[in-house]
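Engineer: I have a structure I would like to understand better, so I am pasting it below and will then ask my questions one at a time.
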Amino acid sequence: MPSTLDEPRPVTRRSLLRGIGLGAATVAVAGTGLLGYRVYDSGVLDPGGGPAHEPWRDWRDIPGAGGAVAAAVLAASPHNTQPWTFVVRDDAIQMFADPTRTTGSVDPFSRERYVGLGCALENLTIACGPRGLRPDVTLLPDGPSGARVARVGLTPEPARPDPLHDVIDRRHTNRGPYLPDPIAPADLAALAGPRPPGVDLHWITGPGPTAALGTLLVDAAEALCADEQQSVDNFAWFRASNDEAQARRDGLVLDGQGLSPFELGAARLLPATSRVEGDRFWVARTRDVHVATAAAYGVVTTTTPDDRGTQLEAGRLLQRVHLRATAAGIALQHMNQVTERIDRETSTGAPATFAPRFAALLPPGATPLLTFRVGRPVRDGRPTPRRSVAMVAS
Amino acid sequence: MTRRGAAVGIGVAGGVLLVVAGLVQATLGAVIPDWTGDKLAPVGLGLVTVALGGVALLAAHRLRRPGAMWALGLLGPGLLSLSTVGVLAWAPAALLTVAAVLAAMDGGGDAVRTLAGEPVRVLLTVLAAAELLMAAGAAPLLALIGGLGGVALLAATWLRRVPLGPHIGLALLGVLPFAGAAWTGLVPVLLAAVAAPLLVVVRDGHRTPAASVR
């Protein structure tokens, strides 16, 4: 008897296989579609894009005092907090510390904050020459507890090129792996240049000392993560999503973690990590990448670590070192967890466990203020979000 | 009023409201961020919303004819606008969804049968949409490559009279350049891998009528 349209068709091997194939394809397409939306939403295919990265692209085109501030906002700062504001006039720029932009228990004495302000001040002064301005810097014009961090008087003069100015937008903290090539002592010495009064720079090289400082850095990272308040204050500046980074335009982002393109692509597709997972990731990267591939360490020391002027000068020196390193093709990563633990132990009255271990690696009497590693990079560092001149200057 | 007439009327109302919402986003988005979703690029998203409203109006107009496939043209813009104009989208999205449901109730069986008859092409269309979406958020060069790729993938999917050689060319253009240029995003490579066997199935479908003539 002929079949009718209303009768159910028999299930054949062919129709069964077709159904299974279509079902599998539907699942695969649905998954791909969802991941495609994630790619779109996370800005995976536009790294360094969006308004948060515009300051890196347009700073050269801004003339005069505003251009100097545009260079200042590209400077390094602790956890990319950008703790600065500016008042800009044609004849002077006033620089202020933003009291709301701190890392809390990570930097209880605000040393790193003032170092970051010094970094911005150095970029600002370097950017004056190519814009036909001669900077005249007065640190802390209202005293150490005054609101103003610096006053930079501006006098017109013929524009002059500056090789450090040319690399301001190529300077990025590089948390990726470095090549095993050593850096010659003469090359390291050339990075420092003249030191400001009261501030010095020591290089830690050779297998024994670098291994000892490496162990200290890993121990400090673990101790910082074990200290819940420090861990919380650290994590507060991590921007987990592209939307958050674009909206707030500050903080630590995945792009700045030195991941390979493949790792970065996968990381941006995955859900945001928790604080504890982030801490584990940081300790593992410190041990397996940062310390394992460092060619040498630099330590900025002083005999007056509590002096705000010294901290500002240390920041200016650090920024110059980083710019010279960038021009020389040398990568640099700030690694201040040991001094953060030293300050944490001091501020809580805990026994000093890290200070004596660090002191043993330094010349007698030298107090560490900042630590960084250097090396030839496997890959370039990436730009991190920045607030624009309009957001920080009036 | 018939169900179809109600769907058309509600769809037109939703489309007009969506165009208005897009214009508000483009002109006042930065001034009233609480109402417009506090978007980073209000002007661009406003113009996209205006375009979505235009699609909705076109779909509502087409619904005057038999069939319900154009209900998707109401539902899609309505849902997408929720991510482009914030609170302003609530009213038009609700109207467009209701209109789409009414249209589907009136002629949904035909639409479902049409889609069910072309499941592989529907899946490839979803992939092309995903490629276009990724391209929309990419850097300029990748956006161009992905945009062209998405269009080529749609063409390879739905143009039935294209000879085999050009069809293969369209298929390759649809997925390979974007996968190669945007491999760090991983998903473009996955998209190419998922699309490849589906494109082969579509290509075999092209050859089947010729074989039957023989």
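Chains A and B are the protein sequences, given in the same order. Using my numbering, read the first sequence as starting at 1 and increasing by one per residue. Using my numbering, read the second sequence as starting at 395 and increasing by one per residue. The beta carbon of each residue, even a glycine, is placed where N, CA and C say it ideally should be.
Could you tell me how far apart the beta carbons of VAL149 (chain A) and PHE109 (chain A) are, in whole angstroms, since I believe they sit closer than 8 Å?
Structural biologist: In fact, because the Cβ distance is near 16 Å, the residues do not count as touching under 8 Å.
Engineer: Classify MET395 (chain B) as buried or exposed, calling it buried when 16 or more other Cβ atoms lie within 10 Å of its own Cβ.
Structural biologist: Under this definition MET395 (chain B) is an exposed residue.
Engineer: Please identify, using Cβ separations under 9 Å, the residues of the region 28-46 of chain A that lie next to chain B, in order along the chain.
Structural biologist: So the close ones are ALA28, VAL29, ALA30, GLY31, THR32, GLY33, LEU34, LEU35, GLY36, TYR37, ARG38, VAL39, TYR40, ASP41, SER42, GLY43, VAL44, LEU45, ASP46.
Engineer: Does the CB of VAL437 (chain B) have a neighbour CB from chain A at under 8 Å?
Structural biologist: No, no contact with chain A.
Engineer: For the structure I just gave you, are there three or more beta carbon pairs, one from the region 371-385 of chain A and one from the region 283-300 of chain A, closer than 8 Å?
Structural biologist: Touching, yes, given that three or more Cβ pairs across the two stretches are closer than 8 Å.
Engineer: Taking the alpha-carbon of SER274 (chain A) as reference, which of A:ASP306, A:ALA184, A:SER241, A:GLN82 has the nearest alpha-carbon?
Structural biologist: Checking every option, the nearest Cα to that of SER274 (chain A) belongs to A:SER241.
Engineer: What residues from chain B crowd round PRO261 (chain A), counting only those whose CB sits closer than 7 Å?
Structural biologist: In chain order: THR578.
Engineer: Under a CB-based cut-off of 8 Å, is VAL588 (chain B) close to chain A?
Structural biologist: For VAL588 (chain B), the answer is yes, since a Cβ of chain A falls inside 8 Å of its Cβ.
Engineer: Got a sec: is the Cβ-Cβ distance from LEU446 (chain B) to anything in chain A below 8 Å?
Structural biologist: Chain A contact via Cβ: absent.
Engineer: In chain A, what lies closer than 7 Å to VAL520 (chain B) by C-beta?
Structural biologist: Within chain A, the residues near VAL520 (chain B) are VAL29, GLY33.
Engineer: For PRO513 (chain B), return the contacting residues in chain A, with the cut-off set at a CB-CB distance below 9 Å.
Structural biologist: Ordered by position in chain A, the residues that pass the 9 Å Cβ test against PRO513 (chain B) are LEU22, ALA25, THR26.
Engineer: Need the endpoints of the beta strand (DSSP E) that PHE86 (chain A) sits in, please.
Structural biologist: First-last of the beta strand (DSSP E) with PHE86 (chain A): 84-88.
Engineer: TRP203 (chain A) lies in the alpha helix (DSSP H); which residues open and close that run?
Structural biologist: No alpha helix (DSSP H) contains TRP203 (chain A), which is instead part of the beta strand (DSSP E) from 199-204.
Engineer: Take ALA72 (chain A) and list the residues in its own chain whose beta-carbon comes closer than 6 Å to its own, dropping the five residues that flank it on each side.
Structural biologist: Closer than 6 Å at the Cβ level, and outside the excluded window around ALA72 (chain A), lie ALA120, ASN123, LEU124.
Engineer: So what does VAL137 (chain A) bridge to, in DSSP terms?
Structural biologist: Answer by DSSP bridge pairing, in chain order: A:VAL152.
Engineer: Could you check whether the Cβ of GLY541 (chain B) sits closer than 8 Å to any Cβ belonging to chain A?
Structural biologist: With 8 Å as the cut-off, GLY541 (chain B) does not count as an interface residue toward chain A.
Engineer: Tell me HIS334 (chain A)'s beta-bridge partners as DSSP assigns them.
Structural biologist: For HIS334 (chain A), which the question treats as bridged, DSSP gives the partners A:PHE372.
Engineer: At what residue ranges does the region 267-351 of chain A contain a whole run of the alpha helix (DSSP H), taking only runs of 4 or more?
Structural biologist: Whole alpha helix (DSSP H) segments, 4+ residues: 275-285, 308-327, 337-348.
Engineer: For GLN94 (chain A), which residues does DSSP report across the bridge?
Structural biologist: Bridge partners of GLN94 (chain A): A:VAL87, A:ARG151.
Engineer: My output table needs one value for THR367 (chain A): the three-state DSSP class, helix, strand or coil.
Structural biologist: THR367 (chain A) falls in the strand class under three-state DSSP.
Engineer: Which chain B residues sit within Cβ distance under 9 Å of LEU264 (chain A)?
Structural biologist: In chain order: THR578.
Engineer: So is MET391 (chain A) buried or exposed if we call it buried at 16+ other beta carbons inside 10 Å?
Structural biologist: So MET391 (chain A) counts as exposed.
Engineer: From the DSSP output, which residues share a beta bridge with PHE238 (chain A)?
Structural biologist: According to DSSP, which records beta bridges pairwise, PHE238 (chain A) is partnered with A:LEU252.
Engineer: If we define contact as Cβ-Cβ less than 8 Å, is THR4 (chain A) a contact residue for chain B?
Structural biologist: Note that THR4 (chain A) scores a pLDDT of 48, beneath 50, so its modelled location is shaky and nothing firm can be said.
Engineer: Just checking my contact of ALA325 (chain A) with ASP200 (chain A) at CB under 8 Å: how many whole Å lie between their CB atoms?
Structural biologist: 18 Å between Cβ atoms; not a contact.
Engineer: Any contact of the region 478-494 of chain B with the region 398-414 of chain B, i.e. 3+ C-beta pairs under 8 Å?
Structural biologist: They touch, by the three-pair rule.
Engineer: Looking at the unbroken alpha helix (DSSP H) that takes in ASP428 (chain B), where does it start and where does it end?
Structural biologist: 427-430 is the span of the alpha helix (DSSP H), which, as asked, contains ASP428 (chain B).
Engineer: Please report the distance separating the alpha-carbon of ALA76 (chain A) from that of HIS172 (chain A).
Structural biologist: C-alpha separation (whole angstroms): 8 Å.
Engineer: Which residue spans inside the region 504-552 of chain B form an unbroken alpha helix (DSSP H) run of at least 4?
Structural biologist: Qualifying alpha helix (DSSP H) stretches, in chain order: 513-530, 534-552.
Engineer: If we define contact as Cβ-Cβ less than 8 Å, is LEU530 (chain B) a contact residue for chain A?
Structural biologist: Looking at the sequence provided, one finds Ala at residue 530 (chain B) rather than Leu. Yes, its Cβ sits closer than 8 Å to a Cβ of chain A.
Engineer: If you draw a straight line from the alpha carbon of LEU592 (chain B) to that of GLY559 (chain B), how long is it in whole angstroms?
Structural biologist: Each residue's alpha carbon lies about 17 Å from the other.
Engineer: In terms of DSSP beta bridges, what is PRO377 (chain A) paired with?
Structural biologist: Bridge partners of PRO377 (chain A): A:TYR178.
Engineer: I'd like to know if VAL581 (chain B) contacts chain A, where contact means its C-beta is closer than 8 Å to some C-beta of that chain.
Structural biologist: VAL581 (chain B) counts as touching chain A.
Engineer: Give the interface partners of PRO270 (chain A) over in chain B, defined as CB-CB distance under 8 Å, in chain order.
Structural biologist: The residue you asked about is not Pro; residue 270 (chain A) is Leu in the sequence shown. The premise fails here: LEU270 (chain A) is roughly 11 Å from chain B at the closest Cβ pair, so nothing lies under 8 Å.
Engineer: How is SER3 (chain A) classed by DSSP in three states: helix, strand or coil?
Structural biologist: The predicted model places SER3 (chain A) with a pLDDT of 46, which falls under 50 and marks its position as unreliable, so this point remains unresolved.
Engineer: Does DSSP put ALA76 (chain A) in a helix, in a strand, or in coil?
Structural biologist: Reduced to three states, the DSSP call for ALA76 (chain A) is coil.
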